[in-house]
Structures are given as structure tokens and as C-alpha cells.
Amino acid sequence: MNITRDQAICRFFFCEDYSKENAARLSKKIEEFGSFDVCYENDPKRPVMVHLSVNRNDPTTFKRYLTEESAVDLEEAIEAKSELVSERQVITFLNEVNKPADPQNEAVYCLQEVDTKEIYESFISKTECMNKKSEVAFATWCSKTKVSYLGEPFTRKRSTGSNKRYRRLYVMKNEFRENAVKSIITSIPRYQNYISSLKKQGCTIIGYAGHNNEEYRKRLLNSMVQCLKERSLCDAVSVSWSCSAASNIASRDMNVNPELLTDLIGVEGDTQSMISYINSSVTDICLVAIDFAGLSTNVGDLQNFFK
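Residue numbers for the sequence shown follow full-length UniProt numbering, beginning at 1 and rising by one.
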């Protein structure tokens, strides 16, 4: 779930309703602290106040929130805009901007009916590595690379003299896209360099994802697994098909039908198989968790799990 800086300040730091007026007022309170800002470690719903120098020195631990750019910022960004320099970055951008499932953030995303041409035009100006591809070639490339928005089937809209095909997608608003590009080309590479350094030290990177909402469960879990493989460079990924974030980790998936996991792509096992692997491993383990509530909201159980 993408949470903006303004949302984090209002809802989760000062526990007030989100509005532009409240965000402006509360942001001034943050400014009064001096060289500090709100960041988050694992859960964006739990902001912490961190000195800016600490954030600069350790951006993988203390992550910055997505910010909405002003009109002046956008003009400056156009003059010195960031560019996606690889096909992998383009895929990440397309997956972030066009979501087939509801990301549950109306401030950043809105439901739209979009066709392939609109998606093509939304990114082609942000990269040179793809500018030789035509719209038709782009559609073929998307099919081969399996970008996530293809999970939403086409719908036809017939009108006089036309037969338009479109998809209903949750599309990131324009004012957030430049910062999304900057995050892709800066924050993600730094994070991946950190993960790579752990691998060089002999660590095994284990990914873990869970979801307890029955609606869109398969699609959301597959999206999480893909993110763990591609962004976090995980060597193996385990999932919990259905669990509460407050449930004891050791008791998860005790009675889950293993055939359910066959519907997921790139998954090695469930919570129980992950625990067995960790207990038997002779190498250090780095556990990367993806969930709206992280690995667990049960602090005591989390401490016991890592003992």
C-alpha cells in the first residue's frame, strides 16, 4: 500500500484526519523540529521521526515516503527529469503505475478505463531504452514480460463507428509519477546493492508474504512473490495463504491444503516449510517480509520467533 508523506503525518504520526489543510498545518510542526522528518522502517503506517543525516546514511533502514510534487516542482522535474534506463526499470514503473487490484489508496490511485495506447504514452517519454518500440511492439513486449496489468482482461466498449478495448485499472495520479521514477532509479538500486552485499557475505535471502483477504488473494500473493523475487532478489519465497498479522507465526498454515500453493508462481512452500528451512540452515538468513502489516503485529511473538 503506497502511503504519502502527508497521509503518514496526518493519520499515523499525529492521529488526525487527512486533508490538505491538516497536512500543511502538521507539516509546519514537523519543520519546527529542525533537520528531522518522518520516515518508516518496515510498516509505512508506523512513522518515526529521524534526523535527515541518519536517513541519508542509511536509506534502506529509514525509508522516505512518497511525496506529491507541486506545479513548480513538476516544471523543474521536466527540465531535469529522471529517466528509466533499463527494461527492468520500465517493468517496475508499469507495475507501480497500473495496478489490476485495488491498492486501497484513493489519494494516489484512481480507477480508470485505459487502453494500451494510453499506457504506452504514459511511460515512453520517461525512457530512451524503449523509444524505438511502436505501440504494437510495446504490446507484444508486455505480453512476453508478463507485466502485472495484463492480469486484468480487456473489456469492449462499442459506440458509433468504434469498438474500443480497454482495461479497468487503478492508475497512479500524474503528480506522483516523477517521484516514482526517482525511487525506481535510486532507492531500489541502493536497496538491491545492500541485499547483494548480504549474499556476498554468505546470507540466504528468504522472502515471506501473507494475506488474509479472500478477495483477490491469489493475484495479490502472486504480485508480492514477484516483488520479492525481482526487487528483493530472494533466493526462495514462502507464503501464508491465509493468516492474521497478529497470529502466532509458529502456528500459521498448520492445516492448509498444500495444493493451494500450486496456484502461485515461484513459491517454495508455506510458513511451516519456511520455519523448517530456517531451523535446518547452516548459513545466516535474511528474512524479507511483505504484507500490509509486515511479518507480524504481535511484538512478543516476533521476539520469540527470532530468538
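Don't be surprised by glycine CBs; every beta carbon is placed ideally from N, CA and C.
query: Determine the contact status of residue 224 and residue 290, defining contact as a CB-CB distance below 7 Å.; result: yes
query: The alpha helix (DSSP H) with residue 240 in it runs from where to where?; result: Not the alpha helix (DSSP H): residue 240 falls in the beta strand (DSSP E), residues 236 to 240.
query: Helix or strand or just coil, what does DSSP make of residue 112?; result: strand
query: Got a sec, what are the start and stop residues for the alpha helix (DSSP H) residue 54 sits in?; result: 52 to 57
query: Among residues of its own chain, excluding the 5 on either side of residue 53, which ones have a beta-carbon nearer than 6 Å to its beta-carbon?; result: none
query: Are the Cβ atoms of residue 206 and residue 124 separated by less than 7 Å?; result: no
query: Under 7 Å Cβ to Cβ from residue 23, same chain only, skipping five residues before and after it: list those, please.; result: 6, 9 and 10
query: For residue 38, which of 265, 47 and 120 has the nearest alpha-carbon?; result: 47
query: According to the neighbour-count rule (16 or more other Cβ atoms, all chains shown, within 10 Å of its Cβ), is residue 167 buried or exposed?; result: buried
query: Taking the CB atoms as reference points, tell me whether residue 198 and residue 211 lie closer together than 7 Å.; result: no
query: Go to residue 101, then tell me how far its alpha helix (DSSP H) extends in each direction, as first and last residue.; result: Here residue 101 belongs to no alpha helix (DSSP H), and DSSP marks it neither H nor E.
query: Could you check the C-alpha separation between residue 116 and residue 64 for me, to the nearest Å?; result: 32 Å
query: Rounded to whole angstroms, what is the Cα-Cα separation between residue 142 and residue 150?; result: 8 Å
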